[in-house]
Amino acid sequence: MSNYFKVIRPGINSTFQDLGRFGLQHLGIVASGCMDQLSFCISNKLVGNKISEGALEFAYQGPLLELVGDSVLVAISGKVNFNIIKKSGETIQGTSNESFNISDGDQIDILSTLNSVYGYFSILGGFKLKEVKGSVSTLVRANIGPNKGDKLKSTDKIFFNRSSKKDKTKKIQVEFEQDNIIRVMQGLQIHYFSKKSQEDFFSNEYKITKLTDRMGMRLEGVKLQNIINKNIKSEGITKGSIQVPGDGQPIILLSDHPTIGGYPKIANVITADYDKLVQKTPGTIIKFKLVNLAVAENAFQDYVRKF
Amino acid sequence: MLKKISNIGDCGITCDFGDEVNKNTNKEVIKLFNFIKESVNSRKIKGILNYTPSYNKLIINFELGQIKSNEIIEFIKSSDYSKINLPENTKILEIPICYDEEFALDIKRLEEKTKLNFKEIVSKHLETNFFVYMIGFVPGQPFLGDLSENLYHDRLDTPRIKINKGSVGIVEKFCTIYTFESPGGWNIIGRTPFELFNINKKNISILSPGDTIKFKSITKEQFFSFKNE
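Chains D and S, in that order, are what the protein sequence lines are.
Anchor point for the first sequence: position 282 equals 282 in this note's numbering, and the numbering is continuous, going up by one each time.
Take any residue in the second sequence, note its place counting from 1, add 1000, and you have its number in this note's numbering.
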C-alpha cells in the first residue's frame, strides 16, 4: 500500500528545502535552502531525522494535508497555529515543536504562523524527494529542485520514506528571540554613503515592507544618500547583504538572492541574527546594530549551541 | 593582481583585483577562482560553500562552523595561484544566433544610434571572440565581452517586462544571452535556439567563467528546426 499525503490546500508558499545547494553560484545558482535554519533543524530533530533531511517549509498560511496510509510520526516547528483533524471528525489543536503520530485519514491543517513567517513540517524517515545537484532545496524562480522545482499545488501527493525506526514523540523547548535588533557588519561599499546616512542607517528604525519574500526584504525608512555612484560593477552576492538602490531604501538579500548584483551594499547581517530577521513579518520595525567580526564570530558560537 | 581581501559579513570574503573591467583583470580573477575550485574539489580546504567570480572580484562564501575568514585569507596569501596558467583557449564554442527581425527587437534603433547598417552590426558581432567574464544573476546567464567599440550602447531607458529565453542582448562593451524568460534592459539583437543551461544535465552549464565563444549566424528555418542534444 502506498503511503502519502494528499494536498488538499497547498498554502501560500510551501516548498521543500534543506540546508542548501552549494558550489554552483559561479554558474548562477544560488544556494537557496531553508530560511530559518534553527527551526528547520528542530523539525528534523523532533522526528529523529538527521538535521539536514529535507522538510516542507511554509510561509504565513501552510498546507492542509491528509494522510493516506499507515500511521507516522511527524512534527511542525516554528510558531505555528495548526489543527489535527482526526478521521472521526474530532479536531485537536496542535502544538508546534512537539512531534506527534497521525493515522490514515487524519488531516493536518496548518492555519498560520503566529507573529512570524516560516514554519517547517517533517516526517520520520524523511520525504521521498529527488535530489537536484546534491540538494532537495527548491528555487521556484528557476524551477530547480524537487516537485519540478515548484511550490506545492493542490493536486500534489507527498510521498515519504517508511522508516523501520520507531521514534517516540518528543518536545523541544524553543526560546524565540523577541527583540527587533539585527546585528550587522559594515558592507563593502559603506563609504558610498554620506557620513550622515551611515549614522542614519545605524540609529534609525526601518520598517519591513510587504515586498518581502525568499529573495529579499525591502525596507522603508530614512532615505540613504549615495555620494559616489548608485551602481557598482556587478559582483557576487552574499546572503544577508543589505544593498541600497538609487531610491535610497535598503533591501536585505535573502536565501534566494540573485547570484550577482550591481547595487552598493551598506551592511551585512551576521549569521547569528539571520533566522531572527527572516521571521519578522511585514510591518515590523527593526533596528540595525553595527558589530565587528569578532563579535559576529562569538555570536555564532552562541547560536550553534542552540542546535 | 589581487589588491585587497575584505570580509563580507562573517561568512564571506571578497578578493578585489582593482577597478578595471577588462580581460586581463578578469583572467586574474578566474585564476584564483580555478585555484579555489580545485582546492575545494581536492579537499585541500574545507568549509567553502560557494566561489563566485565577477568582472574584477571573487567572492568566497564559507560555513562559519567549519572555517573562519582569517584561515581562508591565510590560505590564499600563502599560495602562488597567480603562477598557474589558465588553460589556453582550449576551444572556441560556436553559438548559433538568428538575427531575423522577429528576434532582433532593437537592431533598428541601433542602426540609427551607431550609424551602422544591419549588415555591419551583424558582421561586427559575428567577428568578435567573446570572453566569458562571469555567469549569473539568473542560472547560466553569461556576461560576454568585449564588443566592437562601434556597437557600444546604453541600456534601455525602460526595461522590457518580458524578454524571451535565448535572446541575445548588448549593453556598453558587453553581450549577454538570456537563459530564462525574464525582464531586462539590454538591446536585443537576435536569439539563439541553443540551450546553454539545463539543471537536469550532468554538465548543467555549457559555459564556465573564462571560456571563449563566437556567434554563428543561422536562418529562421535553421532556428526553428534546431535540436538541442
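Idealized CB from N, CA, C, for every residue including glycine.
(message) If you follow the alpha helix (DSSP H) that Ser1069 of chain S is in, where does it begin and where does it stop?
(response) Translated into the one-based positions of the second sequence, residue 1069 of chain S becomes position 69. Where Ser1069 of chain S is concerned, the enclosing alpha helix (DSSP H) stretches over 1069–1077.
Counterpart residues of Ala267 of chain D in DSSP-defined beta bridges
On the first sequence, residue 267 of chain D is found 267 positions in, with the first residue counted as 1. In DSSP, Ala267 of chain D forms a bridge with D:Gln186, D:Ile242.
- Closest residue to Ile1161 of chain S among S:Val1171, S:Gln1066, S:Pro1183 (Cα-Cα distance): The sequence position of residue 1161 of chain S within the second sequence is 161, counting from 1. Looking at the Cα atoms, S:Pro1183 is the closest of the given residues.
So who's on the other strand from Pro1053 of chain S, going by DSSP bridges? The residue you call residue 1053 of chain S lines up with position 53 of the second sequence. Answer is S:Leu1058, bridged to Pro1053 of chain S.
ask   = List, in order along the chain, the chain S residues whose C-beta lies closer than 9 angstroms to that of Met185 of chain D?
value = Start at 1 with the first residue of the first sequence, and residue 185 of chain D comes out as number 185. Here the neighbours are Asn1007, Ile1008, Gly1009, Asp1010.
Next on the checklist: Using only CA atoms, which one of S:Phe1215, S:Ile1013, S:Ser1042, S:Arg1043 lies nearest to Ile1121 of chain S?
Outcome noted: Counting from one through the second sequence, the residue named residue 1121 of chain S turns up at place 121. Out of S:Phe1215, S:Ile1013, S:Ser1042, S:Arg1043, S:Phe1215 has the C-alpha closest to the C-alpha of Ile1121 of chain S.
Give me the chain S residues within the contact set of Pro146 of chain D, using Cβ-Cβ distance strictly less than 7 angstroms, ordered along the chain.
In the first sequence, the residue the question calls residue 146 of chain D occupies position 146. The premise fails here: Pro146 of chain D is roughly 12 angstroms from chain S at the closest Cβ pair, so nothing lies under 7 angstroms.
| request: Please confirm whether Ser96 of chain D and Phe58 of chain D have their CB atoms less than 8 angstroms apart. | output: Position 96 of the first sequence holds residue 96 of chain D. Position 58 of the first sequence holds residue 58 of chain D. No.
query = Name the chain S residues whose beta carbon is nearer than 8 angstroms to that of Glu53 of chain D?
reply = Counting from 1 along the first sequence, the entry for residue 53 of chain D is found at position 53. None at all; the shortest Cβ gap to chain S is about 18 angstroms.
Problem - Any beta strand (DSSP E) of 3 or more consecutive residues that is wholly inside the region 143–225 of chain D - result: 157–159, 181–186, 205–212, 216–220
Could you check whether the Cβ of Asn101 of chain D sits closer than 8 angstroms to any Cβ belonging to chain S? Translated into positions along the first sequence, residue 101 of chain D becomes position 101. Not closer than 8 angstroms to any Cβ of chain S, the Cβ of Asn101 of chain D fails to qualify, so no.
Inset, instruction - Examine chain S for any beta-carbon lying closer than 8 angstroms to the beta-carbon of Gln293 of chain D, and answer yes or no. - result: Your numbering for residue 293 of chain D matches position 293 in the first sequence. The question names Gln, but residue 293 of chain D is Leu in the sequence shown. Chain S contact via Cβ: present.
> Whole beta strand (DSSP E) runs in the region 11–38 of chain D with 3 or more residues, listed along the chain?
Replying inline: 15–17
Notebook entry, point to check: What residues of chain D sit near Met1134 of chain S, judged by a beta carbon separation below 7 angstroms?
Noted result: As a first step, residue 1134 of chain S is located in the second sequence; it is residue number 134 there, counting from the start. Simply Ile260.
- prompt: Name the chain S residues that come within less than 9 angstroms of Lys233 of chain D, Cβ to Cβ?
  reply: Here the question's residue 233 of chain D lines up with position 233 in the first sequence. Chain S residues near Lys233 of chain D: Asp1019, Val1021, Ser1054, Tyr1055, Asn1056, Lys1057.
Name the one or two DSSP bridge partners that Met1134 of chain S has. One-based indexing of the second sequence puts residue 1134 of chain S at position 134. Answer by DSSP bridge pairing, in chain order: S:Phe1143.
Point to revise | Nearest candidate by alpha-carbon position, reference Ile260 of chain D, set D:Gln198, D:Pro10, D:Gln249, D:Gly28 | key: The residue given as residue 260 of chain D occupies position 260 in the first sequence. It is D:Gly28.
Short CB-CB distance (under 8 angstroms) between Ile1163 of chain S and chain D = As a working note, residue 1163 of chain S is residue 163 in the second sequence. No, its Cβ sits nowhere closer than 8 angstroms to a Cβ of chain D.
For this session: Mind the definition here: the region 1098–1113 of chain S touches the region 1190–1206 of chain S only if three or more C-beta pairs lie below 8 angstroms; say whether that holds.
Result: yes
message = Is the beta carbon of Ile84 of chain D closer than 8 angstroms to that of Gly94 of chain D?
response = Within the first sequence, the letter at position 94 stands for residue 94 of chain D. Within the first sequence, the letter at position 84 stands for residue 84 of chain D. In contact: Gly94 of chain D and Ile84 of chain D (Cβ atoms closer than 8 angstroms).
key: Sequence-distant residues of its chain with Cβ nearer than 6 angstroms to Ile1206 of chain S (five each side left out)   = In the second sequence, the residue the question calls residue 1206 of chain S occupies position 206. Excluding positions up to five away in sequence, the list reads Leu1196.
key: Where Gly134 of chain D falls, given that 16 or more other Cβ within 10 Å makes a residue buried   = Numbered from 1 along the first sequence, position 134 holds the residue referred to as residue 134 of chain D. Label assigned to Gly134 of chain D: exposed.
Problem - Proximity winner among S:Lys1201, S:Lys1113, S:Asp1010, S:Cys1015, relative to Pro1053 of chain S (alpha-carbon distances) - result: If you number the second sequence from 1, residue 1053 of chain S lands on position 53. Nearest option by C-alpha distance: S:Cys1015.
Quick check on Val1138 of chain S - is its C-beta less than 8 angstroms from some C-beta in chain D? One-based indexing of the second sequence puts residue 1138 of chain S at position 138. Yes, its Cβ sits closer than 8 angstroms to a Cβ of chain D.
Helix, strand or coil at Val136 of chain D [DSSP, three-state]: Reading the first sequence from its first residue, position 136 is the one you call residue 136 of chain D. Reduced to three states, the DSSP call for Val136 of chain D is coil.
Is any beta-carbon of chain S found at less than 8 angstroms from that of Gln25 of chain D? Counting from one through the first sequence, the residue named residue 25 of chain D turns up at place 25. Output row for Gln25 of chain D: interface = yes.
- Please state whether DSSP places Lys1216 of chain S in a helix, a strand or coil. Indexing the second sequence from 1 puts residue 1216 of chain S at position 216. It is a strand residue.
Ile1060 of chain S to Tyr1051 of chain S, Cα distance in whole Å?
Mapped onto the second sequence, residue 1060 of chain S falls at position 60. Mapped onto the second sequence, residue 1051 of chain S falls at position 51. The alpha-carbon atoms of Ile1060 of chain S and Tyr1051 of chain S are separated by roughly 4 angstroms.
Quick one: Cα of Cys1011 of chain S to Cα of Gly69 of chain D, how far? Sequence index remark: in the second sequence, residue 1011 of chain S carries index 11 (1-based). Sequence index remark: in the first sequence, residue 69 of chain D carries index 69 (1-based). Distance between the alpha carbons of Cys1011 of chain S and Gly69 of chain D: 44 angstroms.
Let's test the definition: count the other Cβ atoms within 10 Å of the Cβ of Arg1043 of chain S and tell me whether it reaches 16, buried, or not, exposed.
Indexing the second sequence from 1 puts residue 1043 of chain S at position 43. Exposed: under 16 other Cβ atoms inside 10 Å.
- Query: Can you name the residues of chain D whose CB is closer than 8 angstroms to the CB of Ser1205 of chain S?
  - Reply: As a working mapping, residue 1205 of chain S is identified with position 205 in the second sequence. Within 8 angstroms Cβ-Cβ: Leu27, Gly28.
Note to self: Among the candidates S:Leu1032, S:Asn1203, S:Asn1056, whose CA atom is the shortest distance from the CA of Ile1084 of chain S?
What the structure shows: Here residue 1084 of chain S refers to the residue found at position 84 when the second sequence is read from its first residue. It is S:Leu1032 whose Cα lies nearest to the Cα of Ile1084 of chain S.
- Item | Beta-bridge partners of Lys1004 of chain S, as assigned by DSSP | Position 4 of the second sequence, counted from the first residue, corresponds to residue 1004 of chain S. According to DSSP, which records beta bridges pairwise, Lys1004 of chain S is partnered with S:Asp1016.
Q.
Let's test the definition: count the other Cβ atoms within 10 Å of the Cβ of Ala75 of chain D and tell me whether it reaches 16, buried, or not, exposed.
A. The residue given as residue 75 of chain D occupies position 75 in the first sequence. With 16 or more Cβ atoms within 10 Å of its Cβ, Ala75 of chain D is classed as buried.
- Message: Less than 7 angstroms between C-beta atoms, sequence neighbours within five positions excluded: which residues of the same chain meet that for Met1134 of chain S?
- Response: By 1-based counting over the second sequence, the position of residue 1134 of chain S is 134. The answer, listed in chain order, is Pro1053, Ser1054, Tyr1055, Phe1143, Pro1209.
Quiz prompt | For Leu114 of chain D, the nearest candidate out of D:Arg305, D:Ile182, D:Ile190, D:Thr281 (CA to CA) | solution = Here residue 114 of chain D is taken as the residue at index 114 of the first sequence, counted from 1. Considering only alpha carbons, the answer is D:Thr281.
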